[in-house]
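Same order as they appear, the protein sequences are chains A and B. Position in the first sequence (from 1) plus 7 gives the number in our numbering. Position in the second sequence (from 1) plus 12 gives the number in our numbering. For each residue, glycine too, the CB sits at the ideal point set by N, CA and C. Structure, as structure tokens:
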Amino acid sequence: MILFVLRRIWAMVWTLAVVSVLVFVIVNLPPGDFLSNQIAQLRASGEAASVARAEFLMREFALDRPMWQQYLIWVGLWPGPGGFSGLLQGDLGWSFELNRPVSAVVGEALWLTVALNLFTVLFVYAVALPLGAIAAVRANTWIDYLATFVGYIGLATPNFLLALILYHYGAHWFGLPVGGLMSNAYLDQPMSIAKLGDILGHLIVPVIVIGTAGMAGMVRRLRANLLDELGKPYVTTALAKGVPPARAVLRYPLRMALNPFVADIGNLLPGLVSGSVLVSLVMGLQTIGPILLSALRSQDYFLSGFILMFVCFLTLVGMLVSDLLLAWLDPRIRYAGRDR
Amino acid sequence: MSSAPPPLLAVTDLTVSFGPALPPVVDGLSFSIDAGQTLAIVGESGSGKTLTGRALMGILPRGAQVVRGRAQFRAGGEDSDLLSLPAAALRRLCGKRIGMIFQEPMSALSPLHTVGAQVAEVLELHSALPAAEIRARCLATFAEVGFPDPGRAFAAYPFELSGGLRQRAMIAMAVVAEPDLVIADEPTTALDVTTQAQVLDLLKSLQARRGMALMLITHDLGVVCAMADRVAVMRRGRLMEAGSVAAVIGAPGHAYTRALVAAAPQVAAQAAAATEAAAPAAAADAILAVSGLNKTYPPRRRGLFDRGRGAPVAAVRDVAFTLPRGSTLAVVGESGSGKTTVARMILRAERADPGARVAFRGRDGQMRDVLTLDGAALKAFRARVQMVFQDPYAALSPRMTVAEILTEPLAIHGRLSPHDRRDRAAALMRQVGLSPDHLARYPHAFSGGQRQRIAIARALALDPELLVCDEPTSALDVSVQAQVLDLFRALKDARGLSYLFISHNLPVVADMADQVAVMRAGRIVEQGPVAALFGNPVHPYTRALIAASPEPVLTRRLDLRLVAQGAGPPHDWPAPFGYRGDDAPPLTEVAPTHFVRMAA
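Quick look at the structure:
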């Protein structure tokens with residue numbers, strides 16, 4: 008099992024390396040990024056100071072070096088102007104547009120994004136699991152139809168519309184906060200119990216909005232999977248042993264039907280991050296979604312590069328978690344690499 | 013007779029239906045089982061025999077329901093009607109007083125739980141024993157059903173066990189609570205013959221030791237004769253005939269039973285009949301000559317940095333045979349013996365190891381080296397050699413009409429005009445005994461036997477000279493099997509076909525073949541004319557196969573001593589037959605054209 012985990016992590020490191028090349032190339036592909044524009048302007052002004060400043064910037068950000076060196080400097084495998092200083096060393100680069108280090112720009116948003124996604128995944132699973140299971144066991148009864156109906160509504164309603172509706176009624180009936188991920192009073196404040204509670208209160212509506220579509224899809228998938236499994240001979244075997252029906256479902260087919268459910272974790276995360284950009288804009292959430300959007304628009308390449316890397320990293324972690332869970336749940340996967 | 017104790021289970025007028033408007037699938041069935049007795053319920057697919065067993069356990073599939081009937085079950089001082097018992101009360105009986113064994117142990121056991129956990133669950137549900145005691149009871153039962161290492165079996169997952177051991181685990185689950193009645197639904201149908209013999213023997217000895225009654229649901233009259241005291245024959249939900257095995261099989265009263273008994277082929281009778289017809293002009297005109305055929309699969313790689321651990325798998329070793337034109341060679345063996353791989357290599361569906369030679373000589377007299385053919389020559393060869401597959405359900409595309417299925421080979425080989433192809437398809441349908449009016453239908457509209465006829469018609473479309481048949485009847489009912497075998501024989505005479513017939517079913521082989529090659533662990537262990545091979549088998553494995561093959565003959569009991577001697581791996585065979593690894597003795601001629609792999 009330890010070997011299995013190590014192998015997976017090893018594969019993850021390689022994937023991340025390949026992804027970093029892709030990200031770097033893609034981010035640098037379109038001409039006219041923020042820095043080059045700035046340098047071109049400084050040069051065009053013709054003033055000696057400006058030209059000197061342009062030269063300085065060229066050297067500072069290694070634009071005078073070949074592309075592959077720039078990449079290695081960015082990653083931190085090649086000495087840049089200031090020695091080894093790249094992603095591996097924890098130096099995330101400089102945001103030209105905002106004129107602050109990337110780590111400062113991204114900082115809190117990163118953790119809020121992780122928290123938001125974590126809660127969303129938990130919400131999706133906590134709701135989809137029982138709903139899908141009940142829909143399958145009581146197939147073609149009112150409760151199945153209700154679950155199906157809720158699912159279709161969830162799939163068909165645009166996220167931002169759902170956001171507006173929930174904000175309206177949430178604030179009206181439950182006094183839920185509207186917009187943002189924390190009250191203004193806590194912005195840029197150090198973490199405290201009160202701030203944590205405030206954030207949790209603000210998370211409720213966004214979690215529901217972002218998670219509903221994924222949850223609805225998952226209910227449908229779990230229902231279909233479980234319906235397939237319910238007809239399998241081993242369920243009959245369990246019943247023939249005298250296992251009560253509820254226990255027979257929970258112990259045998261549900262565990263089989265969980266496989267695709269668990270394998271979905273990896274797919275869910277990137278979908279949530281990219282899908283939540285629009286919602287984050289509408290709801291004013293301080294996640295990395297809106298930051299990524301503006302960074303891509305202004306071709307602020309250290310910033311966008313890092314965020315893309317981070318999203319990939321999140322996905323790979325999700326994949327790793329789902330792989331480990333699958334191996335834990337399903338002995339066939341656990342023993343696949345072993346000799347017969 | 014009034015002093016006789018009441019039966020353990022008395023079923024009267026059992027009727028099961030899939031809906032009030034539909035005809036019942038089990039119709040007014042009555043039978044009884046005495047304590048300690050074996051009742052076999054025999055029938056072909058769709059006869060309602062499985063539903064009967066399920067109705068008693070209250071586990072009918074969705075939609076099916078018991079319309080009426082009683083099933084009086086007397087055990088443990090209780091007397092209850094299984095069919096009218098509340099669900100919770102019935103659950104207390106199921107597993108404890110009545111155990112059930114299913115056909116396909118792989119799918120009937122949960123792949124996610126250890127065998128031990130699944131067997132122990134029965135005791136957890138039905139007894140108040142402490143966990144340690146439950147484990148001890150399970151281990152004892154595992155030992156009793158023949159697990160060499162009960163502790164390991166307890167912790168094993170089903171996919172880690174062989175088919176035979178899986179079925180033993182299933183049996184352990186059924187008997188661990190010491191039930192009074194075990195319902196076994198086709199318990200050995202999915203197993204190899206030698207394994208089947210061992211599992212049947214296990215069931216018998218368990219029954220004798222524990223005094224439990226057995227309700228054996230099967231389609232195989234051979235199994236019935238080997239196992240049962242009484243037999244009930246079912247057809248389309250109705251009871252045709254019931255009584256002692258000797259009476260029903262020995263002197264069947266009902267026409268259907270007679271047909272069923274007649275349709276079941278027997279090794280001894282067929283082999284005797286073959287003696288006169290045997291020995292066609294040997295090797296004078298060989299359509300196919302194979303020599304030095306080997307297939308080695310590379311060891312499985314497990315990752316980028318993990319090369320060549322584990323040994324290569326030798327699937328086929330040194331196979332050689334000659335098939336005279338117009339005759340039938342049967343390759344017999346159990347699963348994993350390499351028989352299908354041999355066929356696939358001859359058809360060029362799989363690449364043989366270098367050094368092999370497959371010579372094919374068509375009617376045109378031209379000799380072809382099959383393994384080196386390519387391009388147009390290979391395509392032309394393929395038209396001359398066609399294949400019939402085992403599963404007629406999987407071998408026909410469900411999205412093509414029969415007409416499309418039958419004309420596709422003609423279109424691929426560019427033969428005939430579209431209109432003539434259609435006529436050809438109609439002629440083919442007539443030839444295999446189906447109506448040309450059904451050409452526009454899809455395969456799902458046909459029964460299994462009819463589908464296999466369509467598959468045969470497709471194989472015949474290109475007017476081949478050699479048909480390779482891979483277990484062509486093992487998915488079919490006995491009476492249908494007899495019809496399909498008749499069709500094969502008729503086609504052989506009408507078209508001068510030669511057959512390479514791959515099968516594990518000895519009676520069918522004895523019925524069809526002129527020559528037989530018995531394969532085990534990738535090698536031919538015995539080869540010769542049918543009469544010699546079945547009349548005077550020499551190799552322990554051949555003898556085990558014949559001994560294990562259950563036949564509808566009352567006097568013949570399964571001889572497990574012979575099975576045990578030959579069914580094991582090659583290094584368990586007695587001298588001069590046994591060998592280890594690749595060090596096999598050569599094929600030695602013990603009688604003219606009769607070869608056995610043994611040290612001289």
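Closest Cα partner of residue i within the set the options
{"i": "B:H551", "options": "B:L572, B:F589 and B:Y405", "result": "B:F589"}
{"i": "B:G40", "options": "B:R609, B:R535 and B:D25", "result": "B:D25"}
{"i": "A:A170", "options": "A:L299, A:V284, A:L79 and A:L321", "result": "A:V284"}
{"i": "B:A301", "options": "B:R470, B:V331 and B:P277", "result": "B:V331"}
{"i": "B:L383", "options": "B:V245, B:R369 and B:A16", "result": "B:R369"}
{"i": "B:L226", "options": "B:M118, B:L545 and B:R109", "result": "B:R109"}
{"i": "B:Q378", "options": "B:D595, B:V78 and B:I299", "result": "B:I299"}
{"i": "B:R4", "options": "B:R104, B:F171 and B:V444", "result": "No answer is possible for residue 4 of chain B: it lies beyond the span of chain B, which begins at 13 and ends at 612."}
{"i": "B:A494", "options": "B:V157, B:A274, B:T269 and B:K61", "result": "B:A274"}
{"i": "B:A276", "options": "B:M252, B:A16, B:M118 and B:D498", "result": "B:D498"}
{"i": "B:L390", "options": "B:P264, B:A406, B:G255 and B:I358", "result": "B:I358"}
C-beta contact flag for residue i and residue j at 7 Å
{"i": "B:A437", "j": "B:T419", "result": "yes"}
{"i": "B:I45", "j": "B:L20", "result": "yes"}
{"i": "A:G93", "j": "A:W75", "result": "no"}
{"i": "B:L572", "j": "B:D213", "result": "yes"}
{"i": "B:A83", "j": "B:L68", "result": "yes"}
{"i": "A:Y174", "j": "A:V185", "result": "yes"}
{"i": "B:A415", "j": "B:L440", "result": "no"}
{"i": "B:V490", "j": "B:M399", "result": "no"}
{"i": "B:S349", "j": "B:M118", "result": "no"}
{"i": "A:N147", "j": "A:V286", "result": "no"}
{"i": "A:V34", "j": "A:S311", "result": "yes"}
Sequence-distant residues of its chain with Cβ nearer than 6 Å to residue i (five each side left out)
{"i": "B:A132", "result": "I146 and C150"}
{"i": "A:F309", "result": "G100, W101 and V109"}
{"i": "B:M610", "result": "P588, F589, P597 and T600"}
{"i": "B:F372", "result": "L300, R380 and V382"}
{"i": "A:S190", "result": "D205"}
Cβ shell of residue i (< 7 Å), same chain only, five flanking positions each side left out
{"i": "A:Y193", "result": "K202 and D205"}
{"i": "B:Q130", "result": "L121, S122 and M185"}
{"i": "B:L102", "result": "G70 and L94"}
{"i": "A:R227", "result": "G158"}
{"i": "B:T352", "result": "D482 and I514"}
{"i": "B:R442", "result": "P448"}
{"i": "B:R86", "result": "P18 and L20"}
{"i": "A:V58", "result": "L49 and R50"}
{"i": "B:D403", "result": "A487"}
{"i": "A:A264", "result": "L229, N232, L233 and E236"}
Close beta carbons around residue i, own chain, < 8 Å, minus the five adjacent residues each side
{"i": "B:L72", "result": "V28, L63, R66 and V78"}
{"i": "A:L367", "result": "Residue coverage of chain A in this structure runs from 8 to 347, which leaves residue 367 of chain A outside it and unanswerable."}
{"i": "A:L336", "result": "R262, L265, N266 and V269"}
The segment 239-265 of chain A: positions lying closer than 7 Å to chain B by Cβ:
K239, P240, Y241, T243, T244, L246, A247, K248, G249, V250, P251, Y259, R262 and M263
Would the segment 540-554 of chain B and the segment 295-309 of chain B be scored as touching if the rule is three or more Cβ pairs under 8 Å?
no
For the segment 104-134 of chain B, which residues have a CB atom closer than 7 Å to at least one CB atom of chain A, in sequence order?
R104, C106, G107, K108, M112, F114, E116, S119, A120, L121, S122, P123, L124, E133 and V134
When Cβ atoms are compared, which residues of the segment 202-233 of chain B fall closer than 8 Å to chain A?
none
So if I threshold CB-CB distances at 8 Å, which residues from the segment 206-233 of chain A count as touching chain B?
none
Just checking, does the segment 215-235 of chain B make contact with the segment 186-202 of chain B on the three C-beta pairs under 8 Å criterion?
yes
Pairing CB atoms from the segment 517-534 of chain B with CB atoms from the segment 342-350 of chain B, are three or more of them under 8 Å?
yes
Counting beta carbon pairs with one atom in the segment 26-34 of chain A and one in the segment 44-63 of chain A, are three or more of them shorter than 8 Å?
no
Check each residue of the segment 329-340 of chain A: if its Cβ is closer than 9 Å to any Cβ of chain B, include it; give the result in chain order.
L336, D337, P338 and R339
Can you give me, in chain order, the residues of the segment 399-420 of chain B that have a beta carbon less than 8 Å from any beta carbon in chain A?
none
Three-pair Cβ contact test at 8 Å for the segment 440-460 of chain B versus the segment 233-250 of chain B
no
Selection of the segment 70-89 of chain B by Cβ proximity to chain A, strictly under 9 Å
G70, I71, P73 and R74
The segment 215-232 of chain A contacting the segment 248-258 of chain A, beta-carbon criterion three pairs below 8 Å
no
Closer than 8 Å is the cut-off here; do at least three beta carbon pairs connect the segment 242-249 of chain B with the segment 47-66 of chain B?
yes
What residues from the segment 165-178 of chain B come within 8 Å of chain A, judged by C-beta to C-beta, listed N to C?
Y169, F171 and E172
State whether the segment 235-249 of chain A contacts the segment 204-220 of chain A, with contact taken as three or more CB pairs (one from each stretch) at a distance under 8 Å.
no
Under 8 Å: do the segment 419-432 of chain B and the segment 501-512 of chain B share three or more Cβ pairs, one atom per stretch?
no
Give a yes or no on contact between the segment 29-39 of chain B and the segment 316-323 of chain A, applying the rule of three or more CB pairs nearer than 8 Å.
no
Residues, ordered as in the chain, of the segment 135-168 of chain B that lie near chain A by beta-carbon distance below 9 Å:
L137 and H138
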